[in-house]
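Student: One structure is given below, represented as structure tokens, and several questions about it will come after.
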Amino acid sequence: MKASVGDQLLVHGRTVGQPDHTAEVIEVLGQEGSPPYRVRYDDGHETIMSPGPDTTVRHISTGD
97 MKASVGDQLL
107 VHGRTVGQPD
117 HTAEVIEVLG
127 QEGSPPYRVR
137 YDDGHETIMS
147 PGPDTTVRHI
157 STGD
């Protein structure tokens, strides 16, 4: 998995009925875009995470 600052991580719910969560990458702590990442969830909560197989990256274009 590779991500950049500003990309979004979509964490899929692990059980039936559990909603997906979106987090914005605010810092890449690994080398060359690799985990771990410091992320901020929609509710403002920040944490450091190493995403598992239930997570996908939405790459955000800078529009340059």
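Numbering (my numbering), first residue to last: 97 to 160.
The C-beta atom is built at its ideal place from N, Cα and C for all residues, glycine as well.
Please read all numbers here as calculations on a predicted model, not as lab measurements.
Is the beta carbon of His-68 sitting closer than 8 Å to the one on Tyr-137?
Tutor: Since the displayed the chain opens at 97 and closes at 160, residue 68 lies outside it and no answer follows.
Student: Hey, quick one: how far does the beta strand (DSSP E) through Gln-104 stretch, first residue to last?
Tutor: Residue numbering aside, residue 104 sits at position 8 when the sequence shown is read from its first letter. It spans 104-107 - the beta strand (DSSP E) in which Gln-104 sits, taken as one unbroken run.
Student: Since Val-121 contacts Val-135 with CB under 8 Å, what's their CB separation in whole angstroms?
Tutor: The residue given as residue 121 occupies position 25 in the sequence shown. The residue given as residue 135 occupies position 39 in the sequence shown. Confirmed, Cβ separation roughly 6 Å.
Student: Roughly how many angstroms separate the alpha carbons of Thr-152 and Ile-144, rounded to a whole number?
Tutor: As a working note, residue 152 is residue 56 in the sequence shown. As a working note, residue 144 is residue 48 in the sequence shown. For Thr-152 and Ile-144, the distance between alpha carbons rounds to 16 Å.
Student: Given this structure, state the Cα-to-Cα distance separating Glu-128 from Val-112, to the nearest angstrom.
Tutor: For the purposes of this step, residue 128 is taken as the residue at position 32 of the sequence shown. For the purposes of this step, residue 112 is taken as the residue at position 16 of the sequence shown. Each residue's alpha carbon lies about 34 Å from the other.
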